[in-house]
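Those sequence lines, one after another, are chains A and B. Residue numbers 1 to 326, in this note's numbering, belong to the letters of the first sequence in order. Residue numbers 1001 to 1573, in this note's numbering, belong to the letters of the second sequence in order. Everything below concerns the one structure shown next.
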Amino acid sequence: MGTVLAGRGKGNAMTQALWSLFWITVFPGFLFTFSLGLLATWVVRKVSALVQWRVGPPVLQPFYDVAKLLGKEILVPEDAQRIVFIAAPLVGMAGTLLLSTILWRVAVAQSAFVGDVIVVIYLMVLPSLALILGSSASANPYAAIGASREMKLVMGYELPLVLALVVVIVKTGGQLNLAAIAQQTPVYSISGMLAFLVSLLCIQAKLGFVPFDMAESETEIASGVLMEYSGALLAVWKVMHALMLVALPLFLITVFLGGFGTTGCPLAWSIGKYVLVLVLVILIKNTNPRVRIDQAMKFFWVYCGIALVLAVVLAAIGSYYDINWL
Amino acid sequence: MTQEELNNKLSGIKDKVTKIDKMSETRIYLYCESENSYAVNKFLFEEVPLRFVIATGIDSDDCFEVLYHYSDDETGCIVTAKAFIRDRENPIIESIAPFLPGADWAERETHDVLGIEFKNHPDMRRLILSDDWPEGVYPLRKDAEKPGKRLGGDPAKRPVDQAKCPARRTIRLSKPIVPIGPSHPLQEEMEYFQLSVEGEIVTDIDMRLSYNHRGIEKISESLQFDQVPFLISRICGICSASHPLAYVQAVEELAGVTPPERALYVRTIINELERIHSHVLWLGLAGHFIGYDTVFMWAWKYREPILDLLEEITGNRNNYGNVKIGGCREDIPNELKPRILKDMDETERKMDMLIKAVLDDPVLHVRLKGVGILTKADAIRYAVTGPTARASGLPIDVRRDDPYATYADLNWNVITRPEGDVFAKAVVRLLEVLESIKIIRQAVEKLPDGPIAVEVKEIPAGEAVGRVEAPRGETFHYVRSDGGNRPVRHKVRAPSYVNVPSFKASCIGESIPDVTITLAAVDPCYSCTERLAVADKNSRITHDYEALLRLSRDETDRIREEIGSQHLKLEDS
């Protein structure tokens, strides 16, 4: 379907622009990812509830929450940098939207460009960057602590994440094109598996879930980075998080698990992959305490770093001697 | 130390004291004048040495008395140094806080409520009185107005302007701070911890309490002896068996009453059930505080059957109101025995599983070991009690050291750990749950037949102390009677009152996430630590007792109507 849609717009510049708009706003852009993200939020809450012997919320609860927040007053602290404070969540959300659109276009239309892996890595930092900016602009001591922790956390997980991607690029024979990478399944090898597991933990940290929720850590710094946000701006953060819940697992699927097929049997298989990643994330979230920021950095740099350097070497040896399982 | 050795040692201070009074083998009073109090206390704490419990002030008409209670945990003996301050106009006594930081709060509180100056005290800011409380009005002095009326007379004369307030409570802001409180997700109640930080490292901690001071000691003086247990059980919902029991034991000691054996067994069972539900509650909260919500939910689910059992026995999940002077109010029916035993088996099975899961979790080890260490020396200096002390290697437990109820007849162990960190505190509490289950099983099997109470008519003049090992540590009650039907002084020392100040020793130098879990690790109970009407910021009372009662009854009626329950008319008593 996707190729047809993309192909049809070629002749007319106007039509093509309209199609692009449709791509970004409706399918598979904002509206679709937003709905799916809120559904994923519900899955996270419901599965957590079941693990914790609770009943959990109804399916539409995340929609109600966002709708309610949209109707609430927005309070901007007197000392805050107004423009940055208000712009940060919007920038974060826009970045995440762009990220998910690029990934969906790879899945739906196989449309990609050389080097989009690099673009995706940059876009994935944007939400954290926006959080750091927004919380620093809010002039709150808790938010300042949260921002500094988020900053350290980003520095912590970016290195292993990039190394994990190096593993994939080596495994796929130097591909820098997501659509080409998605044709292969690096996870069926030792180095690919290692890279996948570490990336999963990096995703956990990007999502700000336990054990890496120290930037928010409710019981220490009272939701830290988000402390001063209220009303519609808080809703934007929530929506951004919902979009991330779609985009980040989709990224893992595209890069490690052989891509997200969208027709017939592969579609069911793809949904299975998505649920698998989501459930793994939820289970890690519910079976761990929050670690300290210094422990998280040590974990990512020392343990994950060493594991991935090993994985890169394995992958290089594997591709040099043509041993696929390494 | 045996009883004899203790007596010999105490005679070493003979020249400083005017009289040594032995009420009984294990209750010794030393009388001294205020000038000698410092020397006597230093002797008791450093030379003997004894564990400091609490200091109390009493207005006894012609003079002030300051009582310093100490405990010898090997003999179970309570040694009380009683210092008399003869000058009523200008009461001064030397502070013992410089060498005994555990007495810091006790002296500040005594200063607040009685106006006794403590010379050389390092920090004489207000502790429990609110900022706008007028200078020179001391609520526990006998010439203060009776409760019910506003103390301090004309509200218009109160210094409501913060700038004009006595500066003692103002908190100095020179370094970057992270406030934990007064309302903060870490706390279930109001309390303020001010952390001075450098980056994430906490360099100093200041505390401020009494956002919810209810004046229970003052109210207690206006109630009759048999009414007090109901008031006291409302000090804290969790320790609502321990506080009344400590009070009742003090009054029984005063009246020379021994309750029937069955009553003692009933008390043991209820108190141990309370310990189980309190420890499991803590485990859940501690899990929540470090972001481990699964532990939170599982622990609280396993706690529910214990509360059901307590409801079955006493009629309430908390605030049992079952203990009275001379025995118990409600019996445990013999038909309930199999159910209790069955529930204990069930709880033991579940707790075994939960304890294994928690204590074997490698991430929890990394997160909690070596965090917030309270050394044994600091534990003694700050006079901490309960699991907080036992996790720092101090083997003290009132149930064994000064046995009450039927603990002496039962077979159980005192759990101690030497490490002093948060993980050790968790281990101590979890293993104590298993010990409690053991105690309850034995008590239920041994439960003798017979009456559950004896009648007590007169409470003679005199003074006595009662203490109980509450879940958080030793709960200490001091009661003085003048032969009338109301206590003239009733002092309550809840365990958190000595455990909370120990943060000064355990938190400084740690990082913020470690400090927050350390704050929670003593299982602080603020309502216990603080012991009246809704007021606005200008201290005008907006709702008095009657109005609050009416509001709450209207609310109950509304809910009843909503859920379609029968309308029940509540009568004023």
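For every residue, glycine included, the Cβ atom is placed at its ideal position computed from N, Cα and C.
query                                                                                                                                                                 : result
Strictly under 8 angstroms for the Cβ-Cβ distance: is His1288(B) near chain A by that measure?                                                                        : yes
Which residues of chain B have a Cβ atom closer than 8 angstroms to the Cβ of Asp213(A), listed in chain order?                                                       : Gly1291
Using a Cβ-Cβ distance cut-off of 8 angstroms, determine whether Ala139(A) contacts chain B.                                                                          : no
Which chain A residues sit within Cβ distance under 9 angstroms of Glu1200(B)?                                                                                        : Ile145, Ser148, Arg149, Arg292, Ile293 and Asp294
Keeping to the same chain, check which residues put their C-beta closer than 7 angstroms to that of Pro1122(B); ignore five residues upstream and five downstream.    : Ala1097 and Pro1098
Taking only beta carbons into account, state which residues of the region 212-233 of chain A come closer than 9 angstroms to chain B, listed in chain order.          : Asp213, Met214, Ser217, Glu218, Thr219, Glu220, Ile221, Ala222 and Ser223
Check whether chain B comes within 8 angstroms of Pro28(A), counting only Cβ atoms and requiring the distance to be less than that.                                   : no
Listing by chain order, which chain B residues have their CB less than 7 angstroms from the CB of Trp53(A)?                                                           : Met1297, Trp1298 and Lys1301
Can you list the residues of chain A that Arg1294(B) reaches, using a CB-CB cut of under 7 angstroms?                                                                 : The identity of residue 1294(B) in the sequence shown is Thr, whereas the question assumes Arg. Under the 7 angstroms cutoff, chain A gives Val51, Gln52, Asn286 and Thr287.
Which one of Ile1512(B), Arg1553(B) and Asn1041(B) has the shortest CA to CA distance from Asp1204(B)?                                                                : Ile1512(B)
Report, in whole angstroms, the separation of the C-beta atoms of Val1113(B) and Pro1091(B), which I expect to be a contact under 8 angstroms.                        : In fact, because the Cβ distance is near 12 angstroms, the residues do not count as touching under 8 angstroms.
Return the bridge partner residues of Gln52(A) from the DSSP annotation.                                                                                              : In the DSSP output, where bridge partners are listed per residue, Gln52(A) has none listed.
Taking only runs of the alpha helix (DSSP H) that begin and end inside the region 44-91 of chain A, which ones reach a length of at least 4 residues, in chain order? : 61-70
Note down, in chain order, every chain A residue with its Cβ under 9 angstroms from the Cβ of Thr1516(B).                                                             : Ser217, Thr219, Glu220 and Ile221
So which residues on chain A does Leu1364(B) lean against when the C-beta distance must stay under 8 angstroms?                                                       : Pro289
Would you mind sorting Trp325(A) into buried or exposed? The rule is 16 or more other CB atoms within 10 Å of its CB.                                                 : exposed
For Pro1487(B) and Arg1480(B), which I take to be in contact (beta-carbon distance under 8 angstroms), what is that distance rounded to the nearest angstrom?         : 6 angstroms
Quick check: what's the CA-CA separation for Lys1175(B) versus Phe63(A)?                                                                                              : 43 angstroms
For Leu1186(B) and chain A, any beta-carbon pair shorter than 8 angstroms?                                                                                            : yes
Who are the Cβ neighbours of Leu1129(B) in its own chain at under 6 angstroms, not counting the five residues just before and after it?                               : Asp1112
In angstroms, rounded to a whole number, what distance separates the CA positions of Phe332(A) and Val291(A)?                                                         : The structure shown has nothing for residue 332(A), since chain A only spans 1 to 326.
Does the count of Cβ pairs from the region 100-119 of chain A and the region 194-202 of chain A closer than 8 angstroms reach three?                                  : no
Put Val1422(B) into one of helix, strand or coil per three-state DSSP.                                                                                                : helix
So the beta strand (DSSP E) Gly1462(B) belongs to, where does it begin and stop?                                                                                      : Gly1462 to Ala1470
Does the beta-carbon distance from Leu1283(B) to Leu1044(B) come in below 8 angstroms?                                                                                : no
Can you tell me where the beta strand (DSSP E) with Lys1022(B) in it begins and where it stops?                                                                       : Lys1019 to Ser1024
Hey, is the region 185-195 of chain A in contact with the region 307-314 of chain A, meaning 3+ C-beta pairs nearer than 8 angstroms?                                 : yes
Measure from the alpha carbon of Ala180(A) to the alpha carbon of each residue in Leu21(A), Val313(A), Val117(A) and Gly56(A), then state which is nearest.           : Val117(A)
If the cut is a Cβ gap below 8 angstroms, which residues of chain A does Ile1512(B) touch?                                                                            : Ile145, Glu220 and Ile221
Give a yes or no on whether the minimum CB-CB distance between Val210(A) and chain B is below 8 angstroms.                                                            : yes
If Arg1086(B) sits next to Tyr1070(B), beta carbons under 8 angstroms apart, how far is it from one beta carbon to the other, in whole angstroms?                     : Not confirmed; about 23 angstroms, so no contact.
How would you call Asn1499(B), buried or exposed, if buried means at least 16 neighbouring beta carbons within 10 angstroms?                                          : buried
Can you have a look at Tyr320(A) and say buried or exposed, based on whether 16 or more other CB atoms are within 10 angstroms of its CB?                             : exposed
What's the gap between the Cα of Phe251(A) and the Cα of Leu314(A)?                                                                                                   : 23 angstroms
Work out the CA separation of Ala1246(B) and Glu1047(B) for me, nearest whole Å.                                                                                      : 29 angstroms
From the DSSP output, in three-state form, read off Ile1092(B) for me.                                                                                                : strand
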